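Engineer: The sequence shown begins at 1 in the working numbering and counts up one residue at a time.
Got a structure for you, questions after.
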Amino acid sequence: MCHGQDTSATASDQIQNLKSKIALTAHRTGFGWRARREIARLRQADGAVERKLAGALEAALGHEAAEEPWIGRIEALREALLRSDAEVSFRDYGVATRLQARRWDGSFREVTRAVRAVCRSSVPPHQGRVLFHLIRAFRPRRCLELGTCLGISAAYQAAALTINGAGRLVTLEGGAALARLAEAHFERLGLPGVEVVTGRFADTLPAVLPALGPIDFAFIDGHHDPAAMQAYYGLLVPHLADGAVLVFDDIFWSSGMRHAWRALTADRRMGTAVDLLTFGICFYNTKTPA
């Protein structure tokens, strides 16, 4: 009976892995097509920001031998996590599991998930490369991430900061156990300088923002809700540096997220914006009135 359970679990994992690979292939194909279209548009604009952004997207689509060792180590870690049989229990504040994680009284409970299942929600390799090359191109000093998870996206950003030779990354995670795992992964990768702050974003951001700012680069992930996306943007605005690079994940998660993304890019303070289907990049101009 035990053997049968193991076989069932293995079969289930194989099916889930196949579905993930199919989805990843579709995402990568769509990203490649959209990125090339956006690169052509940016090259036509021919501004300094547009040239840098086009170069970062081109680099993300290609391979640069000098930087591949870092990416190889991060992807090796991902592969190990996708094979992990370990389980992790944490308080999940994200909307993806809101129905399972939230009690009727509005409080949240601990959820237990396999590490391999949690890892499947990490940014895919092509998006990690975009984060990496954005930081390489724009050389930010003060970076913020909302949604650490197991640390894959933060590792891409921290590796780029390490190659740049300067910069600081603070990443926020709601689940304490996930935060501890991410810290261990940063140590394993040789990226011990990443600061992980644990707690609900709404509780931790008010203290993190003034301590870190002015912020040059922000990756907003971990809470796929249009109202939350706009609220976090509102909290960020007073602490953004001129020309800050903002990356918003899961802008195709729902019609509400698409609407929130369009409303955000319509803000007069936003400069160049690039829609890469599942995530978007934009630039903040402090000199433009709201």
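Beta carbons are placed, not taken as given, at the ideal position from N, Cα and C, and that holds for glycine.
Keep in mind the model is a prediction, meaning the values are calculated, not measured.
(1) Could you give the DSSP three-state label for Asp85: helix, strand or coil?
(2) Skipping 5 residues on each side, what residues in its chain have a beta carbon closer than 7 Å to that of Gly30?
(3) Under 7 Å: does the beta carbon of His239 sit that close to some heavy atom of the ligand NAD?
(4) How many angstroms separate the CA atom of Glu79 from the CA atom of Pro125?
(5) Hey, Ala177 and Val88: beta-carbon distance below 8 Å or not?
(6) In whole angstroms, what is the alpha-carbon distance linking Arg139 and Asp92?
(7) Considering just the uninterrupted stretch of the alpha helix (DSSP H) at Ile215, what are its terminal residues?
(8) What number of angstroms, rounded off, separates the C-alpha of Phe279 from the C-alpha of Glu67?
(9) Does DSSP put Cys282 in a helix, a strand or coil?
(10) Look at the Cβ atom of Ala291, then the Cβ atom of Leu57, and state whether they are nearer than 8 Å.
(11) Whole angstroms is fine: what's the gap from Gly199's alpha carbon to Gln157's?
(12) Measuring straight from C-alpha to C-alpha, what distance separates Ala228 and Ala48?
(13) Count the CB pairs spanning the segment 180-190 and the segment 210-220 that are closer than 8 Å, and state whether there are at least three.
(14) Please report how far the alpha carbon of Arg73 lies from the alpha carbon of Gly256, in whole angstroms.
(15) Below 8 Å between beta carbons: does that hold for Glu50 and Thr272?
(16) Note down, in chain order, each residue of its chain lying with its Cβ closer than 7 Å to the Cβ of Gly298, except the 5 sequence neighbours on either side.
(17) Which runs of the alpha helix (DSSP H) fall wholly inside the segment 131-205 and span at least 4 residues, in chain order?
(18) Over the uninterrupted alpha helix (DSSP H) stretch that includes Gly256, give me the two end residues.
(19) Please list the terminal residues of the continuous beta strand (DSSP E) segment that includes Gly47.
(20) Could you name the residues of the same chain whose beta carbon sits closer than 8 Å to that of Leu169, not counting the 5 residues immediately before and after it, in chain order?
(21) Quickly, what does DSSP pair Thr112 with across the bridge? List them, please.
(22) When the Cα of Asp267 is compared with those of Phe283, Phe252, Ser254, Trp253, which residue comes out closest?
Structural biologist: The relevant details are as follows:
(1) Walking along the sequence shown from the start, residue 85 turns up at place 85. If DSSP states are grouped into helix, strand and coil, Asp85 belongs with coil.
(2) Counting from one through the sequence shown, the residue named residue 30 turns up at place 30. Excluding sequence neighbours, Gly30 sits near Leu277.
(3) As far as ligands go, the structure on display features none, and thus does not contain the ligand NAD.
(4) On the sequence shown, position 79 is the one that residue 79 refers to. On the sequence shown, position 125 is the one that residue 125 refers to. Going by the C-alpha atoms only, they are around 11 Å apart.
(5) Reading the sequence shown from its first residue, position 177 is the one you call residue 177. Reading the sequence shown from its first residue, position 88 is the one you call residue 88. For Ala177 and Val88, yes; Cβs fall inside 8 Å.
(6) As a position in the sequence shown, residue 139 is number 139, starting the count at 1. As a position in the sequence shown, residue 92 is number 92, starting the count at 1. Cα-Cα distance, rounded: 32 Å.
(7) The sequence position of residue 215 within the sequence shown is 215, counting from 1. That residue, Ile215, is in no alpha helix (DSSP H); its beta strand (DSSP E) goes 215-220.
(8) Within the sequence shown, the letter at position 279 stands for residue 279. Within the sequence shown, the letter at position 67 stands for residue 67. Spanning the alpha carbons of Phe279 and Glu67 requires a straight line of approximately 23 Å.
(9) Taking the first residue of the sequence shown as position 1, residue 282 is located at position 282. It is a strand residue.
(10) This structure gives no information on residue 291, because the portion of the chain shown stretches from 1 to 290.
(11) To locate residue 199, count along the sequence shown from 1; it is residue 199. To locate residue 157, count along the sequence shown from 1; it is residue 157. Cα to Cα, the separation comes out at about 21 Å.
(12) Mapped onto the sequence shown, residue 228 falls at position 228. Mapped onto the sequence shown, residue 48 falls at position 48. Rounded to the nearest angstrom, the two C-alpha atoms are 32 Å apart.
(13) The segment 180-190 vs the segment 210-220: no contact.
(14) If you number the sequence shown from 1, residue 73 lands on position 73. If you number the sequence shown from 1, residue 256 lands on position 256. For Arg73 and Gly256, the gap between their C-alpha atoms comes out near 36 Å.
(15) For the purposes of this step, residue 50 is taken as the residue at position 50 of the sequence shown. For the purposes of this step, residue 272 is taken as the residue at position 272 of the sequence shown. Thr272 sits close to Glu50, with the two beta carbons spaced by under 8 Å.
(16) A question about residue 298 goes unanswered here, because the residues of the chain that appear run from 1 up to 290.
(17) You should have 152-164, 176-189.
(18) Within the sequence shown, numbered from 1, the residue matching residue 256 stands at position 256. Its alpha helix (DSSP H) spans residues 255-265.
(19) For the purposes of this step, residue 47 is taken as the residue at position 47 of the sequence shown. Looking at the DSSP string, Gly47 is not in any beta strand (DSSP E), and its letter there is neither H nor E.
(20) Position 169 of the sequence shown, counting from 1, holds the residue named residue 169. Same-chain partners within the cutoff: Cys143, Leu144, Glu145, Ala154, Gln157, Ala158, Leu161, Gly193, Val194, Glu195.
(21) For the purposes of this step, residue 112 is taken as residue 112 along the sequence shown, with counting starting at 1. According to DSSP, Thr112 bridges with Ser89.
(22) Along the sequence shown, one-based indexing puts residue 267 at 267. Nearest option by C-alpha distance: Phe283.
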